[in-house]
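In full-length UniProt numbering, the protein residues as written are 1 to 374.
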């Protein structure tokens, strides 16, 4: 989407305003009172400018492409290859299960087969990881955080409902539109991408006896807003001047890389993925969750067992006004013990926020995603 924030212009005292002339080729000229024309440079903004702006809730594609793209990855790989051995970085790529599934469907491959063939294709880098490993960390921390919040709800009115924090589009909207009102409700757990960033630049760097800035970490994600998330100052290591995730490319950009190289993924020989714990992974790790990460289902099952000693086999969703707003309840003897919901898309998110503001939000936990359908 286009950036809608106007550029701030400081007017100089004593001078009449200059006129702006737009040429047929789209170039801009500033024309003063004497008729002199001066061509204006095209303004550029960075991802951090996007983060500091309240004009929109998602990032402008033109900004993202300039800093985080498959082209940038190719440029970094070329520079790294040409650098002296002691200056070269260890390049790590972490692939999300959603991107892996999309590539498998596009190329008519099985999930494991697609992952192993992608591992071969990306072997111009040093390591290829599966982010399901970090997703499990994120799910485990989320369930523990919910139980802690549930226990202290009597003392802290903003402990519940707990709102999921894995979607950067939703977080950007929440911070800039509702600020201090909504932030206490948002889970403090990092997303799987950023957990992976911490593991790669922390644990894995230590295992390789490297400082974090000697590792270049790329993630393959299904969502453009993950580029925005990786650029947040929260995930920047001031000591080593490096980000937990240096570059995010989307599933579509992986397809562009394949096209650029003239390679069909189905024709590539398979190779095992690497693991953070060392060795190679012959099988893909899995987690009990849904397409949007499974936060609701994972936390619901754990909380039912942990808080009430109830084992939940299957979860039954109750659609409300539309399929992107659904409820789940845990009941015993007619009493509602847990009341969860999923809210996908900004129409439902706005309805959820209004309920919170009116003090009429009945939920203990809400899985929130900016995109319709999650």
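Just so it is clear, CB atoms sit at the ideal spot from N, CA and C, and this is done for glycine as well.
All of these numbers come straight from a predicted model, not from anything done at the bench.
For residue 202, count the other beta carbons within 10 Å of its own beta carbon; 16 or more makes it buried, fewer makes it exposed. Which is it? exposed
Kindly confirm or deny that the segment 231-240 and the segment 256-263 touch, where touching means at least three C-beta pairs closer than 8 angstroms.
With the cut-off at 8 angstroms, the segment 231-240 and the segment 256-263 do not touch.
Quick one: what's got a C-beta closer than 7 angstroms to residue 355's C-beta in the same chain, skipping five residues either side?
361
Discussion item. Buried or exposed for residue 188, going by 16 or more other Cβ atoms inside 10 Å?
Written reply: The residue in question, residue 188, is exposed, as its Cβ has fewer than 16 Cβ neighbours within 10 Å.
Which residues share a DSSP beta bridge with residue 319? Its beta-bridge partners are 326.
query = Are there 16 or more other CB atoms within 10 angstroms of the CB of residue 85, so buried, or fewer, so exposed?
reply = exposed
- Item | Cutoff 6 angstroms; reference residue 204; Cβ partners in own chain excluding five residues on either side | 276
Considering only residues of the same chain and omitting the five flanking positions on each side of residue 134, which have a CB-CB separation below 7 angstroms? 192, 195, 196 and 199
Reduced DSSP secondary structure (H/G/I, E/B, other) of residue 34 | coil
request  = Can you tell me which of the three DSSP states residue 310 falls into?
outcome  = coil
Taking the C-alpha atoms as reference points, what is the distance between residue 52 and residue 318?
Low per-residue confidence applies at residue 52: pLDDT is 48, beneath 50, and the placement is therefore not dependable, though the value from the model is reported in the following sentence. Between residue 52 and residue 318, the C-alpha separation is close to 38 angstroms.
How close, in whole Å, do the beta carbons of residue 296 and residue 328 come, if the pair is a contact with beta carbons under 8 angstroms? 7 angstroms
Item to complete: Could I get the ranges of all uninterrupted beta strand (DSSP E) runs contained in the segment 205-273, with 3 residues as the minimum, in chain order?
Response: 215-221 and 247-250
Skipping 5 residues on each side, what residues in its chain have a beta carbon closer than 8 angstroms to that of residue 123?
271
C-beta contact flag for residue 22 and residue 30 at 8 angstroms
no
**Asked** Under 8 angstroms, do residue 138 and residue 251 count as touching if we go by C-beta distance?
**Response** At the C-beta level, residue 138 and residue 251 stay beyond 8 angstroms of one another.
* Asked: Does the segment 297-312 come close enough to the segment 172-183 that 3 or more CB-CB pairs lie under 8 angstroms?
  -> no
* 7 angstroms Cβ shell around residue 282 - same chain, five flanking residues per side excluded -> Confidence at residue 282 is low in this model, with a pLDDT of 45, below 50, so its placement is unreliable and no value can be given for it.
Discussion item. What does the alpha-carbon distance come out to for the pair residue 59 and residue 225?
Written reply: Low local confidence applies: a pLDDT of 46 at residue 59 is under 50, so the model's placement there is unreliable, with the coordinate-based value given in what follows. Their Cα atoms are separated by approximately 7 angstroms.
- Query: Which first and last residues belong to the alpha helix (DSSP H) in which residue 164 is found?
  - Reply: Note, residue 164: premise wrong, no alpha helix (DSSP H); not H, not E.
Taking residue 181 as part of the alpha helix (DSSP H), name the residues at either end of that continuous run.
In the DSSP assignment, residue 181 falls outside any alpha helix (DSSP H) and carries neither an H nor an E.
| What runs of the alpha helix (DSSP H), each 4 residues or longer, lie entirely inside the segment 102-140? | 111-121
DSSP-derived helix/strand/coil call for residue 41
coil
Residue from 167, 161 and 77 whose Cα sits closest to the Cα of residue 181
Closest by alpha carbon: 161.
(request) Closer than 6 angstroms by C-beta to residue 186: which residues in its own chain qualify, once you throw out the five before and the five after it? Chain order, please. (result) 163 and 165
- prompt: Based on Cα-Cα distance, which residue from 370, 368 and 363 lies nearest to residue 158?
  reply: 363
Give the range of the alpha helix (DSSP H) segment to which residue 78 is assigned.
-> 70-82
Note to self: If you reduce the DSSP assignment to three classes, tell me which class residue 58 lands in.
What the structure shows: Low confidence applies to residue 58: its pLDDT is 47, below 50, so where it sits in the model is not reliable, and the reading given next is rough at best. Note: residue 58 maps to coil in three-state DSSP.
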